[in-house]
Amino acid sequence: GINLMVFLFQIQEGLDDNTLFYLYGLVPAKYSVGEVARHFSLFNQVFSLVSFMFLHAGFMHFIGNMWFLYIFGDNVEDHLGSLRFIAFYLGCGLVSGLVHFMSAPSSTIPTVGASGAIAGVMGAYLLLYPRSKILTVIPILIIPWFVEIPAFIFLGFWFLIQFFNAAGAGAGSNIAWWAHIGGFLAGLVLVKLNTRVPETGTRQTIDRLRARKKTPKLQMVVTAGSPAS
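In the numbering used here, the protein residues as written are 602 to 830.
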């Protein structure tokens with residue numbers, strides 16, 4: 602919801618508004634290059650570590666990220682609970698930004714997008730539901746082939762693509778491959794640490810508040826006939 606609201610704001614301001622990207626995107630030089638850092642307040646430098654993950658560079662960038670969040674996010678949220686999921690999501694995004702900073706500490710190119718945080722969600726999904734089937738389209742020439750691929754193969758292949766691209770990309774790459782890797786690894790670690798954090802009872806309260814009061818959730822009913830029916 603926050604991603605959508607920010608994107609609608611970006612549409613009003615113009616999706617090519619570089620000023621917005623430099624102000625609220627993650628620009629490594631903001632923190633490491635004195636001549637650049639002096640143009641930004643301490644508040645802006647701290648806030649940018651969070652705000653960058655809610656900005657997007659275009660319509661396809663936004664749709665692609667939200668599509669992956671839609672596919673993997675609900676199951677991970679069901680496991681963690683809503684409040685922990687929010688903290689988990691932001692934590693993965695923050696780690697992804699820090700890894701990107703370490704990979705190019707003097708870069709003046711703004712990094713924006715929810716990809717790092719969503720990569721963390723994908724990492725958690727890999728641990729929690731490795732054998733779940735992901736409906737995937739594989740184009741063969743001009744014919745789309747739909748196939749269900751186990752999550753551990755789909756996500757493992759995705760991670761290898763990020764790693765090889767990160768290893769081969771130059772400093773001027775317009776895609777933050779290392780941010781994806783950092784977010785993914787953070788998701789693996791944080792979902793494991795979650796089991797060591799004591800329950801507070803907040804989840805049960807939230808589940809009661811968001812429970813359906815009148816209509817049951819959609820269910821699958823499998824019917825079977827009998828010879829005399």
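Cβ coordinates follow ideal geometry from the N, Cα and C atoms, glycine included.
Quick caveat: nothing in here was measured; it's all calculated off a predicted structure.
Which value, in whole angstroms, describes the spacing of the CA atoms of residue i and residue j?
i, j, result
"residue 808", "residue 633", "44 angstroms"
"residue 606", "residue 788", "25 angstroms"
"residue 651", "residue 658", "16 angstroms"
"residue 679", "residue 636", "46 angstroms"
"residue 730", "residue 641", "42 angstroms"
"residue 775", "residue 707", "15 angstroms"
"residue 683", "residue 803", "9 angstroms"
"residue 639", "residue 777", "24 angstroms"
"residue 751", "residue 668", "18 angstroms"
"residue 604", "residue 617", "17 angstroms"
"residue 826", "residue 611", "55 angstroms"
"residue 691", "residue 698", "11 angstroms"
"residue 732", "residue 709", "41 angstroms"
"residue 795", "residue 828", "52 angstroms"
"residue 786", "residue 779", "11 angstroms"
"residue 739", "residue 759", "14 angstroms"
"residue 608", "residue 823", "41 angstroms"
Report the partner residues of residue i according to the DSSP bridge assignment.
i, result
"residue 712", "627"
"residue 736", "749"
"residue 719", "Partner(s): none; residue 719 has no beta bridge."
"residue 744", "741"
Hey, would you say the C-beta of residue i is under 7 angstroms away from at least one heavy atom of the ligand MG?
i, result
"residue 684", "Among the components modelled here there is no ligand, and therefore nothing to report on the ligand MG."
Report the CB separation of residue i from residue j in whole angstroms; it is logged as a contact under 8 angstroms.
i, j, result
"residue 674", "residue 721", "The pair is not a contact, with the Cβ atoms about 10 angstroms apart (cut-off 8 angstroms)."
"residue 763", "residue 781", "4 angstroms"
"residue 725", "residue 792", "4 angstroms"
"residue 755", "residue 735", "5 angstroms"
"residue 614", "residue 624", "Not really, about 11 angstroms apart at Cβ, beyond 8 angstroms."
"residue 753", "residue 727", "6 angstroms"
When you compare the CB of residue i with every CB in chain B, is at least one pair closer than 8 angstroms?
i, result
"residue 670", "Looking at the structure shown, chain B is missing, and only one protein chain is on hand."
Fully enclosed by the region 619–703, which alpha helix (DSSP H) runs are 4 residues long or longer? 619–625, 630–633, 635–638, 643–652, 660–681
Counting pairs of Cβ atoms below 8 angstroms between the region 701–718 and the region 652–671, do you hit three or more? yes
Check whether the region 680–692 and the region 735–747 touch, using three or more Cβ-Cβ pairs below 8 angstroms as the test. no
Please specify which runs of the alpha helix (DSSP H), each continuous and at least 4 residues long, are wholly inside the region 751–812, giving them in chain order. 752–769, 778–794, 803–811
Is it true that the region 695–710 meets the region 618–631, where meeting means three or more beta-carbon pairs spaced less than 8 angstroms apart? yes
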